[in-house]
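Q: Heads up: the sequence shown runs through residues 462 to 1069, numbered per our numbering. Backbone N, C-alpha and C define an ideal beta-carbon position, used for all residues, glycine too.
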Amino acid sequence: MGGSAPTAVDRRPSTRRSAVLLALRYYAAELRRNRAVAVPGLLLPALGTIGTNYVAPLIVAQLAGTLSTGAGLSAATVLPAVLWFVGVLLGAEVLWRIGIHCLNRTDGRGIEHLYVVGMNELLAKDTAFFHENFAGSLTKRVLSFASRFEDFVDTLTFGVLANLVPLLFASVVLWRYDPLLVVVLIGMLVVSGGLITPLIRRRQQLVDRREAAIARVAGHVADSLMNMDTVRAFAAEDGEVAEHRSRVLHQRRASILSWDYGNLRIDTVVAVMAVLTNVFGLLIAVGLGGGRLGVEALVVTFIYYLGACRIMFEFNQIYRRLESSLTEAAQFAELLLDPPTVLDPPSPEPLRAAGADVRFERVDFGYPGGQPLFRGLDLALPSGSKVGFVGRSGGGKSTLARLLLRLMDVDGGRILIGGQDIARLRQADLRSLIAYVPQDPAMFHRTLRDNIAFGRPGATDAEVRRAAQAAHVTEFADALPDGFDTLVGERGVKLSGGQRQRVAVARAILRDAPILLLDEATSALDSESEVLIQQALWQLMEGRTALVVAHRLSTVARMDQLVVLDHGRVVEQGTHAELIESDGAYARLWRHQSGGFLDDPAMAAVAG
Ligand SMILES: Nc1ncnc2c1ncn2[C@@H]1O[C@H](COP(=O)(O)OP(=O)(O)OP(=O)(O)O)[C@@H](O)[C@H]1O
Ligand SMILES: [Mg+2]
């Protein structure tokens, strides 16, 4: 299974601790938010347990005590006890049902809200974040962050509270017989907790190794299956099976090691402690006051001690479940430790409708960890002008587009639209000014219509169709099985590269924004389709400021202004004619392309 982003486990312990604390804060906030159901949900099962496991035996023990004193089996002695017994058991069941009812709501509402919170946090992240984290790993983390809440709350309810609260009740009852019973019971629980905690840690390592072995098996299976054609072509089935066998063997060894450790080490220690505790309890109950305590205390002590000793066996599991749910939640919370860098200003300026001229003023920018790309870049694009950006690959054309959209922030200088610094606008306001066709337009796995309408939510069907018509989408859309209702496949795999570009152009046409930002918007089209779409784009550019990046110079040759970028520097600027005249980098590129593409109708249209 491909590479995976660093997890909370490989990060520094301090980061991990902060991430766990942050996850805990999110979970605690959910409990507080839903406290009307969370409090009964957490506590009623504990009270129910007290009823069935502690009060009911107490009634039976009292009855046994009464009978043992020689009182006959009369209705007066037995009936009240039986009624109490029935009442307590019924009451406990009612508490359980109400408790679980509330718990289900606590879990459900918490998970629902955490899904939304998680997605909101991710949507607030900047572009750089998504370049550093794989979508697959993010998806898994954000979903686990929400779903693990259920595990956490359930363990808290059934593992922690349903054990501790009844223990408190038992202590009060036992205390009335003899405080020593409580001291010994709690003492033994604490001692065994202390004894097995280091063992649980050691077992954790074995469990981690087991999980890693399982992941290695899964990774190899996925890898083999995905490359099945290659495996077949090279007749490598035997080799693949051998590798699989060895990984499975490793998994079996790792699994048994961790299971044995649980059974032979941890539970053996617990077993000895449990037997000792029970024996101590019985001895105290019998021995104290030479039998003064009587049958009731004897039976109650026996049953309570037995119940309390079950906690020792569950301790391991409770610890592991709490730890694993928090660890997974922390893997998401860790992503939130570093706040996003591209933020809305605290008091954003309202958009002034003051034209759409674009100015880059002394802009510095470099990708994190890389060389600076732009140093003191100055560019002024008058409102309503059409500007073509050309130049060698890696020159910074797409980066310039992303900076204008404020997908990343400049390191120095500023970018102005209509005289307003884009860093002082709300991001949504800024982006409402721009229709952007990215270099590699991705599609949503939604219908063709939805993909186009994404450009302007609320657009009517007629508007969507007009945009589709202008971008020549209709031509291929009508041939698709469901027309505009066809699902385009993940990332648009069912469309060709050129078709995806036409959809992206239609989206931009529909957007109807004062600034057009086209990054190689027609590069994947054949020259003929390009000429057609260019016509639509020229119409669209009318009265708007257009920034058009293109490798195919014929696409931009007729623009008002051309900017040649190389290594983040503007090396030439002017109209096509001026740049040909000055015989520099652009003229060389032009000669090269027109030499190679003389048959190109688009080129002929410009040159001829
Ligand atoms: N996300 C990124 N992280 C780090 N460096 C990047 C990133 N994106 C681009 N770069 C680097 O920044 C430089 C400019 O890239 P950019 O994509 O702006 O070039 P371009 O002019 O659009 O090239 P092309 O014509 O190939 O599209 C390149 O050296 C590239 O390697
Ligand atoms: Mg580019």
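So, for Val527: in the same chain, excluding its five sequence neighbours on each side, which residues have a beta-carbon less than 6 angstroms away from its beta-carbon?
A: Looking up residue 527 in the sequence shown gives position 66. Going by the sequence as given, residue 527 is Thr instead of Val. Excluding residues within five positions, the ones whose Cβ falls inside 6 angstroms are Thr538.
Q: For the alpha helix (DSSP H) containing Pro899, list its first residue and its last residue.
A: Locating residue 899 in the sequence shown gives position 438, where the first residue counts as 1. It is not in any alpha helix (DSSP H) - Pro899 carries neither H nor E in the DSSP assignment.
Q: In this structure, does DSSP put Asp612 in helix, strand or coil?
A: Indexing the sequence shown from 1 puts residue 612 at position 151. Three-state DSSP puts Asp612 in a helix.
Q: Could you tell me how far apart the beta carbons of Ile661 and Asn777 are, in whole angstroms, since I believe they sit closer than 8 angstroms?
A: Taking the sequence shown and counting its residues from 1, the one referred to as residue 661 is at position 200. Taking the sequence shown and counting its residues from 1, the one referred to as residue 777 is at position 316. That belief holds up - the Cβ atoms of Ile661 and Asn777 are roughly 6 angstroms apart, short of 8 angstroms.
Q: Measure the C-alpha to C-alpha separation of Met904 and Asp818 and round it to an integer number of angstroms.
A: Locating residue 904 in the sequence shown gives position 443, counting from the first residue. Locating residue 818 in the sequence shown gives position 357, counting from the first residue. Going from the Cα of Met904 to the Cα of Asp818 covers about 30 angstroms.
Q: In its own chain, which residues sit with a C-beta less than 7 angstroms from the C-beta of Leu1014, not counting the 5 before and 5 after it?
A: Here residue 1014 refers to the residue found at position 553 when the sequence shown is read from its first residue. Correct list, in chain order: Val851, Leu1050, Trp1051, Gln1054.
Q: Taking all protein chains shown into account, do 16 or more other C-beta atoms lie within 10 angstroms of the C-beta of Phe591, making it buried, or fewer, making it exposed?
A: Here residue 591 refers to the residue found at position 130 when the sequence shown is read from its first residue. Classification of Phe591: exposed, given that the 10 Å Cβ count is below 16.
Q: Looking at C-alpha atoms only, which residue of Arg713, Val651, Pro659 is the closest neighbour of Val678?
A: Position 217 of the sequence shown holds residue 678. Ranking the options by Cα distance to Val678, first place goes to Arg713.
Q: Looking at ligand 1, does it come within less than 8 angstroms of His1053, judged from the CB to the closest heavy atom?
A: As a position in the sequence shown, residue 1053 is number 592, starting the count at 1. With a cutoff of 8 angstroms, His1053 does not count as near ligand 1, since its C-beta is closer than that to no heavy atom of the ligand.
Q: Please classify Ile895 as buried or exposed, where buried requires at least 16 other C-beta atoms within 10 Å of its C-beta.
A: As a working note, residue 895 is residue 434 in the sequence shown. With a threshold of 16 other beta carbon atoms within 10 Å, Ile895 meets it and is buried.
Q: Whole angstroms are fine: how far does the CA of Val651 sit from the CA of Gly531?
A: The sequence position of residue 531 within the sequence shown is 70, counting from 1. The sequence position of residue 651 within the sequence shown is 190, counting from 1. So the two alpha carbons sit approximately 40 angstroms from each other.
Q: As a quick check of your reading: which residues have a C-beta less than 6 angstroms from at least one non-hydrogen atom of ligand 1, in chain order?
A: Listed along the chain, these residues meet the criterion: His592, Tyr828, Gly831, Leu834, Ser854, Gly855, Gly856, Gly857, Lys858, Ser859, Thr860, Gln900.
Q: Rounded to the nearest angstrom, what separates Arg486 and Ser716 at their Cα positions?
A: As a position in the sequence shown, residue 486 is number 25, starting the count at 1. As a position in the sequence shown, residue 716 is number 255, starting the count at 1. If you take the alpha carbons of Arg486 and Ser716, they lie about 34 angstroms apart.
Q: Does the Cβ of Glu698 lie closer than 8 angstroms to at least one heavy atom of ligand 2?
A: The residue you call residue 698 lines up with position 237 of the sequence shown. Flag unset: Cβ of Glu698 not near ligand 2.
Q: Compute every distance between the C-beta of Val1107 and the non-hydrogen atoms of ligand 2, then say whether any falls below 8 angstroms.
A: The displayed coordinates of the chain run from 462 to 1069. Any statement about residue 1107 would go beyond what the structure contains.
Q: Alpha carbon to alpha carbon, what distance is there between Thr476 and Leu797?
A: Reading the sequence shown from its first residue, position 336 is the one you call residue 797. Reading the sequence shown from its first residue, position 15 is the one you call residue 476. When rounded, the distance between both Cα atoms is 11 angstroms.
Q: Does Thr476 come out as helix, strand or coil in the three-state DSSP assignment?
A: If you number the sequence shown from 1, residue 476 lands on position 15. Helix.
Q: Regarding Glu1033 and ligand 2, is the C-beta to nearest heavy atom distance less than 8 angstroms?
A: The residue given as residue 1033 occupies position 572 in the sequence shown. No, Cβ of Glu1033 sits at least 8 angstroms from all heavy atoms of ligand 2.
Q: Out of Phe774, Glu704, Phe695, which has the shortest C-alpha to C-alpha gap to Thr734?
A: As a position in the sequence shown, residue 734 is number 273, starting the count at 1. Looking at the sequence provided, one finds Met at residue 734 rather than Thr. It is Phe774.
Q: What is the DSSP secondary structure of Asp799, counted as helix, strand or coil?
A: For the purposes of this step, residue 799 is taken as the residue at position 338 of the sequence shown. Three-state DSSP puts Asp799 in coil, outside helix and strand.
Q: Output the distance between the C-alpha atoms of Leu948 and Ser984, rounded to the nearest integer angstrom.
A: For the purposes of this step, residue 948 is taken as residue 487 along the sequence shown, with counting starting at 1. For the purposes of this step, residue 984 is taken as residue 523 along the sequence shown, with counting starting at 1. Between Leu948 and Ser984, the C-alpha separation is close to 24 angstroms.
Q: Just grab the DSSP bridge partners of Lys847 for me.
A: For the purposes of this step, residue 847 is taken as the residue at position 386 of the sequence shown. The partner list for Lys847 (beta bridge, DSSP) reads Ala1007.
Q: Quick check: Val643 and Ser632, are their CB atoms within less than 9 angstroms of each other?
A: Working through the sequence shown from its first residue, we reach residue 643 at position 182. Working through the sequence shown from its first residue, we reach residue 632 at position 171. Going by C-beta atoms, Val643 is nearer than 9 angstroms to Ser632.
Q: Pop quiz: Gly857 and Gly1029 are said to be a contact at Cβ under 8 angstroms. What is the actual Cβ separation, rounded to whole angstroms?
A: Residue numbering aside, residue 857 sits at position 396 when the sequence shown is read from its first letter. Residue numbering aside, residue 1029 sits at position 568 when the sequence shown is read from its first letter. Their Cβ separation, rounded to whole angstroms, is 4 angstroms, which keeps Gly857 and Gly1029 in contact under 8 angstroms.
Q: Just the Cα atoms here: how many angstroms apart are Tyr938 and Gly916?
A: Stepping through the sequence shown from its first residue, residue 938 is reached at position 477. Stepping through the sequence shown from its first residue, residue 916 is reached at position 455. In the sequence as presented, Tyr is not what sits at residue 938; that position holds Ala. Each residue's Cα considered, the two are about 18 angstroms apart.
Q: Tell me the rounded alpha-carbon separation between Ala1068 and Gly959.
A: Translated into positions along the sequence shown, residue 1068 becomes position 607. Translated into positions along the sequence shown, residue 959 becomes position 498. Annotation note: pLDDT 45 at Ala1068 (below 50); position unreliable, coordinate value reported separately. Approximately 24 angstroms between the Cα atoms of the pair.
Q: Can you check which of these residues, Glu991, Pro942, Val934, Lys955, is closest to Leu971 by C-alpha distance?
A: In the sequence shown, the residue the question calls residue 971 occupies position 510. It is Val934.
Q: Can you give the Cα-Cα distance for Leu604 and Arg910, rounded to whole angstroms?
A: Start at 1 with the first residue of the sequence shown, and residue 604 comes out as number 143. Start at 1 with the first residue of the sequence shown, and residue 910 comes out as number 449. Using only the alpha carbons, I get a separation of about 28 angstroms.
Q: For the alpha helix (DSSP H) holding Pro541, just list the boundary residues, first then last.
A: Sequence index remark: in the sequence shown, residue 541 carries index 80 (1-based). Where Pro541 is concerned, the enclosing alpha helix (DSSP H) stretches over 536-584.
Q: Can you name the start and end residues of the alpha helix (DSSP H) that Ala735 belongs to?
A: Along the sequence shown, one-based indexing puts residue 735 at 274. Note, Ala735: alpha helix (DSSP H), 728-748.
Q: Does the distance from the CB of Phe610 to the CB of Leu575 come in under 9 angstroms?
A: Working through the sequence shown from its first residue, we reach residue 610 at position 149. Working through the sequence shown from its first residue, we reach residue 575 at position 114. In contact: Phe610 and Leu575 (Cβ atoms closer than 9 angstroms).
Q: Look at Asp805 and Arg887 and say whether their C-beta atoms are less than 9 angstroms apart.
A: Here the question's residue 805 lines up with position 344 in the sequence shown. Here the question's residue 887 lines up with position 426 in the sequence shown. Closer than 9 angstroms, so yes.
Q: When we look at the beta-carbon of Asp1060 and count the other beta-carbons within 10 Å, is it buried (16 or more) or exposed?
A: Stepping through the sequence shown from its first residue, residue 1060 is reached at position 599. Residue confidence is low: Asp1060 scores 44 on pLDDT, short of 50, so the model does not pin down where it sits. Its coordinate-derived value is still stated next. Counting other Cβ atoms within 10 Å of its Cβ, Asp1060 stays below 16 and is therefore classed as exposed.
Q: May I ask whether a heavy atom of ligand 2 can be found less than 8 angstroms away from the beta carbon of Asp980?
A: Start at 1 with the first residue of the sequence shown, and residue 980 comes out as number 519. Asp980: yes, Cβ under 8 angstroms from ligand 2.
Q: Please return the same chain residues whose Cβ sits closer than 6 angstroms to the Cβ of Leu956, not counting the five positions on each side in sequence.
A: Taking the first residue of the sequence shown as 1, we reach residue 956 at position 495. Val949, listed in sequence order.
Q: Ignore the nearest five residues each way along the sequence and tell me which others in Glu981's own chain have a CB closer than 6 angstroms to its CB.
A: Translated into positions along the sequence shown, residue 981 becomes position 520. The answer, listed in chain order, is Gln900, Val1010.
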